[in-house]
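Shown next, in structure tokens, is the structure this report addresses.
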Amino acid sequence: MFIRLSSAFALVLALCFGSALAADQADKPVITDTIQSQFDALAKDDFAQAFTYASPLIQQLFGSPQNFGMMVTQSYPMVHRAEDVRFLDLRTIGGALYQKVQVRDAKGEIFIFDYQMIQNENGWKINGVQLVTSSGVTA
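To get the numbering used here, take the position in the sequence shown, counting from 1, and add 12.
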């Protein structure tokens with residue numbers, strides 16, 4: 013009896029997590045479009061447009077597109093002036109959705125970032141960016 017219930021529970025968990033993973037992957041094109049649109053805006057120094065892709069939490073934290081732009085240019089110059097952007101895996105960690113992004117800067121150095129994404133009534137928004145690794149090697 014216990015084995016049968018355990019098997020049934022395992023099947024239910026697999027179905028739940030499997031469908032959640034499928035939903036995440038189905039959203040990947042829209043998520044990558046959101047991130048790419050922010051990269052495009054940053055490349056043109058259009059901080060007001062770039063700010064629209066940030067989540068309400070990030071917008072509240074920085075208060076204005078100008079403050080947001082200052083943070084990006086000072087703390088993330090490789091994102092501000094990315095030479096190449098590649099989208100890697102989309103995954104769920106601890107219930108949060110993360111898009112891994114590879115960025116090559118003007119010097120050829122490779123950086124890997126995790127973009128935490130959230131969905132609200134206005135679509136997918138960037139809720140945080142974390143540097144995962146830097147190659148220290150030019151490509």
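Each residue gets a CB set at the ideal place from its N, CA and C atoms; glycine is no exception. Note that this is a predicted model, so its numbers are computed, not measured.
| said: Taking the straight line between their C-alpha atoms, what separation do you get for Arg103 and Gly120? | reply: Counted from its first residue, the sequence shown places residue 103 at position 91. Counted from its first residue, the sequence shown places residue 120 at position 108. Each residue's Cα considered, the two are about 27 Å apart.
| query | Considering only residues of the stretch 87-135, which uninterrupted beta strand (DSSP E) runs meet the minimum length of 3 residues and lie entirely inside it, listed in chain order? | reply | If we require 3 residues or more, the beta strand (DSSP E) runs fully inside the stretch 87-135 come out as 96-105, 108-116, 121-132.
| message | Quick check on Gly75: does DSSP put it in helix, strand or coil? | response | Mapped onto the sequence shown, residue 75 falls at position 63. Coil at Gly75, not helix or strand.
| message | Can you give me the C-alpha to C-alpha distance between Ile43 and Phe63, rounded to a whole angstrom? | response | Your numbering for residue 43 matches position 31 in the sequence shown. Your numbering for residue 63 matches position 51 in the sequence shown. Roughly 16 Å separates the two Cα atoms.
| Within 10 angstroms of its Cβ, does Gly107 collect 16 or more other Cβ (buried), or is it exposed? | Against the sequence shown, residue 107 aligns to sequence position 95. By the neighbour-count rule (16 or more Cβ atoms within 10 Å), Gly107 is not buried but exposed.
| message | Just verifying my parser: in three-state terms, what is the DSSP assignment at Leu143? | response | By one-based count along the sequence shown, residue 143 stands at place 131. If DSSP states are grouped into helix, strand and coil, Leu143 belongs with the strands.
| query | Quick check: the stretch 88-99 against the stretch 64-72, are there 3 or more CB pairs under 8 Å? | reply | Judged by Cβ distances under 8 Å, the stretch 88-99 makes no contact with the stretch 64-72, as fewer than three pairs qualify.
| field | Cβ-based burial, Asp117 [other Cβ within 10 Å; buried from 16] | value | As a working mapping, residue 117 is identified with position 105 in the sequence shown. Around the CB of Asp117, 16 or more other CB atoms lie within 10 Å, so the residue is classed as buried.
| In terms of alpha-carbon separation, which member of Thr46, Thr85, Ile122 lies closest to Asn134? | Locating residue 134 in the sequence shown gives position 122, where the first residue counts as 1. The closest CA to that of Asn134, considering only Thr46, Thr85, Ile122, is found on Thr46.
| task | Give the secondary structure of Lys40 by DSSP, where H, G and I count as helix, E and B as strand, and everything else as coil. | result | In the sequence shown, counting from the first residue as 1, residue 40 sits at position 28. Three-state result, Lys40: helix.
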